[in-house]
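Colleague: Dropping the structure in here first, questions after.
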Amino acid sequence: MNKRPDKKTVSIESADVSAIAYASHCVRLSGMQWVLTGAVAILVVALIPSLAHRTETFVPGENYRIPYHLSEDYWLYEQLAARACAESKVLVIGDSVVWGQYVCPNGTLSSHLNEQAGGTQFANLGVNGTHPIALAGLIASQGRGIKGQKVLLHLNPLWMSSPERDLQTERPVSFNHPALVPQFVPRIPSYKATIDRRISVLAHRLLPQAGWAEHVRLAYLENSDIPAWTIEHPFGNPLSPSTSITLYPEDTPRRRPIVWEQAGLEKADFAWVDMEGSLQWRAFRRSVELLCRRGNNVFVCVGPLNEHMLTDTSLVRYRLLKRRICRWLDDNSVAYFAAETLGSGLYADTSHPISEGYASLAAMLLANESFTTFCCSSRSP
Amino acid sequence: MLFHTWTFVVFFAVAWPVYLTVGNTRLRDPWLLLCSYTFYGWWNPLYLALIAWSTLVDYTAVTLMSRSAKDRSRKIWLALSVCNNLSLLSLFKYAGFVTDNVNALLAWTGVPYDLPAPGVLLPVGISFYTFQSMSYTIDYYRGRIARESNIIRYATFVSLFPQLVAGPIERAKNLLPQLRSPSRIGVSDVTDGLSLFVVGLFKKIALADYLALYVDKVYADPARHAAPALILATFAFGWQIYFDFSGYTDMARGAGRMLGFRLMLNFNHPYLATGLGDFWGRWHISLSTWFKDYVYIPLGGNRRGTLNTYKNMALTMLISGLWHGAAWTFLIWGALHAVGRAATRRLESTSFYRRKVPKPVKQALVFLFVSFAWIFFRAHSLEDALVIVERIFTSGWSSADFPLWAMALVIMVWAYQFVCESRLRRLAELAPVRVLMVLLMILYLAFVPGGDSQPFYYFQF
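As you go down the protein sequences, you meet chains A and B in turn.
Take any residue in the first sequence, count from 1 to its spot, add 76: that is its number in the numbering used here.
Take any residue in the second sequence, count from 1 to its spot, add 513: that is its number in the numbering used here.
Have a look at this one:
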C-alpha cells in the first residue's frame, strides 16, 4: 500500500478550507433576520406594482385598444379592465375580431357601437390572438376584476374550424398566448412546452410582481429585460427610459384592409371539429360560466363568419355547428346574437370584417331586441 | 434540473419536507437516492444508467478489495475501477476530440480514410461524479477510509443531488460519515442554507447571465471587435465564469446545508489571489485538491528534484485543462497555467515578492494572467483565440460599448470582496448591512432579470 505523503511536499497550495467557517462572503442571516427580510421583500413586491400603476401617466383615450406589441402585456390588460369596469357600460371581450385586426382603433366593433349608440358606452377589451382557451385564462386571471358588469363576449367559431386550430392534434402547433392556457389540466394535446416551462408559467401567474415586470419589459424596454436592454444601450439608464409612447396604439390597421377576394384569398374547406370534443368550445363555455358566476350580465355575439369564403360542404358543417352553439346558449339562458354573415365585400379574411363590416355588425346588434334589452338592463343579471 | 428554475423549487418543496420527516429513519438514504436520481434523470433518464453503472462498479471493486488479502488483487480491483471511470469519461467526453484529431492527422498524411464520428452526447456532470466515485476507491485502497457496506448509501454519496452535476467534488471521508450519522438539522442549517442559496442565485442570474450577454456577443465574432471590447469581454468572462460556477456551488452548498450536509468550500475570492499558487488554492478548490491528491502527489509531487516538480506540476495542469473540455483550447489553457505556475513558483516564495511588492499589484498581475488564459478557455476555437490575442495588441481603439450598469455591478462585487478580506469586514458583518444586502438581492431577482434561465457554464464539463 502506498505511503501517505507528507503534507509539506504539496506544492499546489490549497486554502485551509476548514478554517473558513462559512463561506467566502459574509451574507448570513439568522432566523429572525430572515423573517424580517422575507416580510419586507413580500411587502415591496406586492406594493411596487400598484404604486407604479399610480405613477404611470397613461390615459387611454376614447376607443382605446391595447397596442399590438403589448398583446402579451396581461398586467396592462388587468389595469384596462379595471378602468373599463369603472368607466364603461359594456365591456366587449374577444380576440382579434373584437380588437380589430384590419381597422384603426376608431374602426372597431366597440367604436362603431359607441358611434351608433352615442357616447362611450363600449370598451374594447379585445386582445389579438386570444383564442377561446387563452381568453378563458385571461378572464380567469387578469379579468378577475370584471364583476357585476355587462359583458359582450364575442365567439369566433373559426377556432373550431380544424383540429389544429382547436389544439387537438398531438402534433405541436404554434399558437398565441401559451402563458394563458391551462398548463397541465385540462391537457391540451398540441401544447408541447417542457414541464420546466409550464411550472415557470404557473409560478409567474402567482407572483404579484411578475406581470408588472413583464409590462415594464414590453412597454418601456423594447421587449427585453434590463440586462439585455443595457447591452443594446450601454450608456443608457434603464430606469429612466422615455418610451411610454408605446402604451398608445398605432393609429393604423395592423394589416391592410383589403377585401378578401381582392387579396386573392381562396375559398376554404374547413373540416370543423365535433363540438362535444372541441377544446376551444369547452374553454368558451368556461368563460361564459365564469363571467356569470362573477355576477356579470353576459351577452354572446356568435360570429359573423365570412360564409362566402367557405366551400359548400364546409358551409353545411359550419351552420350545423352554429345551430348547436345557439342551442347550448338557449339551454343555458345566455342571451346571444348569432350574426348572419355580412356582405362578401365587408370581410378581409375568414373572420375579420373591415371597418364597414364592423359598422354593419354594430347596426345589426343595435337593431337586435335582445341586445338592446341587454344594453338597457341593469349590470347584474 | 437547474437550481435556478421553478422546477427545482417545486422539487425541493417536496423533497425537503419528506426528508425532514424520514431523516432519522431507514428511509433516509433511499429517499435521498430517489430524489437525486429524479434530479439527475430530469435531463435525460438514460443518463441514470451511466451513474448507476459507475456506482455499481466502484462499490463492487471496493467490496472485492476488502475481501482480498493480497495487495496485487487489490491493485487489480482498483485498476478496474479507475479504468471503468476513465473509460466512461473517454467515451463520452473525449471520443469526439480523438476522432477529429485522428481524422485530421490522416488527412494531413494523405490517408484516404475517416474514422466515423462517435455521435455520443456528453452526459451532464459525468466529469464530477466519476471523479467523486473514483476518489472513494482510491482512498479505500490507500487505507484512508472504511468501506461503505450499504450500497444505497454509497449510491447516495455518488449522486447526492445538490453537488451531483457540478460539484463540489466531495471526498468520501467528508460526505460518507455525514450520511452515516443521524440527520440533525437545526434552524441555523436552514437559515445558513437559505443565505447561501440566495447569494448563489444572485451570482448566477443577476451577474453571470448578465455578463454572458456581453461576452457572447463579442466572442461570437471576435474579428469584428477592437481591443477595448475584446479586453473587456475577456475580463467580463473571468467574472462570468466565477459568478456562474461559484454561484452554483453556493446553491449546492445551501441546498446541502438545508438537508444537514456540510459540503466543502469551492471558491474563496479567487480574484484576490496574490499568486498563481494562491489562485489555485482559491479557485475550484475541490478539483484542485483532487488533482493534488490523485495526480500530482502520485506522480511524485515535489519529492524528486526541481525538474520533476515542474514536470509533475505541468502534467497536472495539462490534465486539469483537458478535464475541463476536449479541445486544444482547454489544453492550451492548462499549459498556460503550467507555464505561469512554473515561472512564478520560485518568485512567489521570495521575501521580495511577499513583502516588497504591494498586494494590489500582485492581485492585479494574477488577475491579468488568469484573464489572459481565460481567452483560450472561452474562445470557440484555437483560431478564434489567436484572433482575439492578436487583435488585443494590434487592432485600433474604439468604444467597447460595455454597459455601465454591468460595470457598476462588477465594481460593487469587487469592492465587497476587498471589504471581506480587509479590516472593514466587520462593517459587512453588521446585521443591518447583511439584511439590506439580502433584501436588495431578492428584490433585484424579483424585478430585473428576464424569464429564461441559462444553464450553468460548467455543465458542459
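Note that the Cβ used here is the ideal one computed from N, Cα and C, for glycine as well.
Going by CA-CA distance only, name the one from A:374, A:274 and A:223 that's closest to residue 451 (chain A).
Modeller: Here residue 451 (chain A) is taken as the residue at index 375 of the first sequence, counted from 1. The option with the nearest alpha carbon to residue 451 (chain A) is A:374.
Colleague: Run through the DSSP bridge pairs and tell me what residue 797 (chain B) is partnered with.
Modeller: The residue labelled residue 797 (chain B) in the question sits at position 284 within the second sequence. Residue 797 (chain B) is not bridged to any residue.
Colleague: Output the distance between the C-alpha atoms of residue 165 (chain A) and residue 260 (chain A), rounded to the nearest integer angstrom.
Modeller: Along the first sequence, one-based indexing puts residue 165 (chain A) at 89. Along the first sequence, one-based indexing puts residue 260 (chain A) at 184. C-alpha separation (whole angstroms): 36 Å.
Colleague: Determine the direct distance from the alpha carbon of residue 268 (chain A) to that of residue 357 (chain A), and round the result to whole angstroms.
Modeller: As a working note, residue 357 (chain A) is residue 281 in the first sequence. As a working note, residue 268 (chain A) is residue 192 in the first sequence. Counting only the Cα atoms, residue 268 (chain A) lies some 21 Å from residue 357 (chain A).
Colleague: Comparing C-alpha positions only, which one of A:346, A:344, A:304 and A:360 sits nearest to residue 915 (chain B)?
Modeller: Here the question's residue 915 (chain B) lines up with position 402 in the second sequence. Nearest of A:346, A:344, A:304 and A:360 to residue 915 (chain B), Cα basis: A:304.
Colleague: Measure the C-alpha to C-alpha separation of residue 372 (chain A) and residue 224 (chain A) and round it to an integer number of angstroms.
Modeller: Translated into the one-based positions of the first sequence, residue 372 (chain A) becomes position 296. Translated into the one-based positions of the first sequence, residue 224 (chain A) becomes position 148. Whole-angstrom Cα-Cα distance: 4 Å.
Colleague: On the three-pair Cβ rule with 8 Å, is the stretch 183 to 192 of chain A touching the stretch 291 to 298 of chain A?
Modeller: The count of Cβ pairs closer than 8 Å, one atom from the stretch 183 to 192 of chain A and one from the stretch 291 to 298 of chain A, stays below three, leaving the stretches out of contact.
Colleague: Check the DSSP bridge columns for residue 782 (chain B) and list the partner residues they point to.
Modeller: As a working note, residue 782 (chain B) is residue 269 in the second sequence. DSSP lists no partner for residue 782 (chain B).
Colleague: Taking 7 Å as the threshold (beta carbon to beta carbon), is residue 107 (chain A) in contact with chain B?
Modeller: Working through the first sequence from its first residue, we reach residue 107 (chain A) at position 31. Output row for residue 107 (chain A): interface = yes.
Colleague: Can you list, in chain order, the residues of its chain whose CB lies under 7 Å from that of residue 97 (chain A), leaving out five sequence neighbours each side?
Modeller: The residue labelled residue 97 (chain A) in the question sits at position 21 within the first sequence. In this predicted model, residue 97 (chain A) has a pLDDT of only 42, less than 50, meaning its place in the structure is not dependable; the value taken from the coordinates is given anyway. If we look at residue 97 (chain A) and ignore the five residues flanking it on each side, it has no Cβ neighbours.
Colleague: Candidates B:556, B:938, B:892 and B:834: which alpha carbon is nearest residue 729 (chain B)'s?
Modeller: As a first step, residue 729 (chain B) is located in the second sequence; it is residue number 216 there, counting from the start. Answer by Cα proximity: B:892.
Colleague: Counting only runs that start and end within the stretch 688 to 754 of chain B, where is the beta strand (DSSP E) found for 3 or more residues in a row?
Modeller: none
Colleague: Residue 662 (chain B) CB to nearest chain A CB: under 7 Å?
Modeller: The residue you call residue 662 (chain B) lines up with position 149 of the second sequence. By this cut-off, residue 662 (chain B) is not an interface position.
Colleague: Give the secondary structure of residue 228 (chain A) by DSSP, where H, G and I count as helix, E and B as strand, and everything else as coil.
Modeller: Taking the first sequence and counting its residues from 1, one reaches residue 228 (chain A) at position 152. Of the three classes helix, strand and coil, the one that applies to residue 228 (chain A) here is strand, per DSSP.
Colleague: What does residue 917 (chain B) reach in chain A if we use C-beta pairs closer than 9 Å?
Modeller: Here residue 917 (chain B) corresponds to residue number 404 of the second sequence, with the count starting at 1. Correct list: 306, 310, 311, 312 and 313.
Colleague: Sort B:688, B:661 and B:660 by Cα distance to residue 673 (chain B) and report the nearest one.
Modeller: Looking up residue 673 (chain B) in the second sequence gives position 160. It is B:688.
Colleague: Give the secondary structure of residue 825 (chain B) by DSSP, where H, G and I count as helix, E and B as strand, and everything else as coil.
Modeller: By 1-based counting over the second sequence, the position of residue 825 (chain B) is 312. Here residue 825 (chain B) sits in helix by DSSP.
Colleague: Under 8 Å Cβ-Cβ, which residues of chain A neighbour residue 925 (chain B)?
Modeller: Working through the second sequence from its first residue, we reach residue 925 (chain B) at position 412. Correct list: empty, because the minimum Cβ distance to chain A is about 13 Å.
Colleague: Find the residues of chain B that neighbour residue 151 (chain A), judging by a C-beta separation of less than 7 Å, and give them in chain order.
Modeller: Counting from 1 along the first sequence, the entry for residue 151 (chain A) is found at position 75. Contact note: residue 151 (chain A) does not reach chain B at a C-beta cutoff of 7 Å; the least C-beta distance is about 13 Å.
Colleague: Spatial neighbours of residue 415 (chain A) within its chain, please: C-beta separation below 7 Å, excluding the five flanking residues on both sides.
Modeller: By one-based count along the first sequence, residue 415 (chain A) stands at place 339. Cβ-Cβ distances below 7 Å link residue 415 (chain A) to 377, 378, 379, 380, 437 and 440 in the same chain, with the five nearest sequence neighbours on each side left out; the list follows chain order.
Colleague: Identify the residues that DSSP records as bridge partners of residue 414 (chain A): which are they?
Modeller: Numbered from its first residue, the first sequence carries residue 414 (chain A) at position 338. Paired residues: A:378.
Colleague: Quick one: grab the DSSP three-state call for residue 201 (chain A).
Modeller: As a position in the first sequence, residue 201 (chain A) is number 125, starting the count at 1. Strand.
Colleague: I need the DSSP call for residue 429 (chain A), collapsed to helix, strand or coil.
Modeller: Within the first sequence, the letter at position 353 stands for residue 429 (chain A). Looking at residue 429 (chain A) - three-state DSSP - the assignment turns out to be strand.
Colleague: Between the alpha carbons of residue 290 (chain A) and residue 212 (chain A), how many angstroms are there, rounded?
Modeller: Numbered from 1 along the first sequence, position 214 holds the residue referred to as residue 290 (chain A). Numbered from 1 along the first sequence, position 136 holds the residue referred to as residue 212 (chain A). Approximately 20 Å between the Cα atoms of the pair.
Colleague: Output yes or no for whether 7 Å exceeds the beta carbon distance between residue 264 (chain A) and residue 961 (chain B).
Modeller: Against the first sequence, residue 264 (chain A) aligns to sequence position 188. Against the second sequence, residue 961 (chain B) aligns to sequence position 448. Their beta carbons are not under 7 Å apart, which means residue 264 (chain A) does not touch residue 961 (chain B) by this criterion.
Colleague: What does residue 534 (chain B) touch in chain A if you count any residue whose Cβ is under 7 Å from its own?
Modeller: One-based indexing of the second sequence puts residue 534 (chain B) at position 21. Result: empty, since nearest Cβ-Cβ is about 21 Å, beyond 7 Å.
Colleague: From residue 360 (chain A) to residue 948 (chain B), what distance separates their C-alpha atoms?
Modeller: The sequence position of residue 360 (chain A) within the first sequence is 284, counting from 1. The sequence position of residue 948 (chain B) within the second sequence is 435, counting from 1. Approximately 48 Å, taken between the alpha carbons.
Colleague: Alpha carbon to alpha carbon, how far is residue 749 (chain B) from residue 827 (chain B)?
Modeller: In the second sequence, residue 749 (chain B) corresponds to position 236, counting from 1. In the second sequence, residue 827 (chain B) corresponds to position 314, counting from 1. Those two C-alpha atoms are separated by around 27 Å.
Colleague: For the beta strand (DSSP E) that residue 170 (chain A) lies in, which residues bound it at each end?
Modeller: By 1-based counting over the first sequence, the position of residue 170 (chain A) is 94. For residue 170 (chain A), the enclosing beta strand (DSSP E) has its first and last residue at 166 to 170.
Colleague: Kindly list, in the order they appear in chain B, the residues whose Cβ is closer than 7 Å to that of residue 117 (chain A).
Modeller: Here residue 117 (chain A) is taken as the residue at index 41 of the first sequence, counted from 1. Those within 7 Å of residue 117 (chain A) in chain B are 952, 955 and 956.
Colleague: If you compare alpha carbons, which of B:664, B:796, B:870 and B:627 is closest to residue 575 (chain B)?
Modeller: Position 62 of the second sequence, counted from the start, is the residue given in the question as residue 575 (chain B). Checked all of B:664, B:796, B:870 and B:627; the closest Cα to residue 575 (chain B) is B:664.
Colleague: Please report the Cβ distance between residue 910 (chain B) and residue 739 (chain B), rounded to the nearest whole angstrom; I am assuming they are in contact, meaning their Cβ atoms lie under 8 Å.
Modeller: Start at 1 with the first residue of the second sequence, and residue 910 (chain B) comes out as number 397. Start at 1 with the first residue of the second sequence, and residue 739 (chain B) comes out as number 226. The pair is a contact, with the Cβ atoms about 6 Å apart (cut-off 8 Å).
Colleague: Could you pull out every residue in the same chain whose Cβ sits closer than 8 Å to the Cβ of residue 797 (chain B), ignoring the five residues on either side in sequence?
Modeller: Within the second sequence, the letter at position 284 stands for residue 797 (chain B). For residue 797 (chain B), where only same-chain residues beyond five positions count, the Cβ hits under 8 Å are 680, 758, 779 and 780.
Colleague: Taking residue 790 (chain B) and residue 854 (chain B) to be in contact with their CB atoms under 8 Å, please state how far apart those CB atoms are, rounded to whole angstroms.
Modeller: Residue mapping note: residue 790 (chain B) aligns to position 277 of the second sequence, counting from 1. Residue mapping note: residue 854 (chain B) aligns to position 341 of the second sequence, counting from 1. With 8 Å as the limit, residue 790 (chain B) and residue 854 (chain B) qualify as a contact, their Cβ atoms being about 7 Å apart.
Colleague: Report the CB separation of residue 765 (chain B) from residue 676 (chain B) in whole angstroms; it is logged as a contact under 8 Å.
Modeller: By 1-based counting over the second sequence, the position of residue 765 (chain B) is 252. By 1-based counting over the second sequence, the position of residue 676 (chain B) is 163. Between residue 765 (chain B) and residue 676 (chain B), the beta carbon gap of about 5 Å places them in contact (Cβ cut-off 8 Å).
Colleague: Give the range of the alpha helix (DSSP H) segment to which residue 223 (chain A) is assigned.
Modeller: Within the first sequence, residue 223 (chain A) is the residue found at index 147, counting from 1. Segment: none, residue 223 (chain A) is in no alpha helix (DSSP H) and carries neither H nor E.
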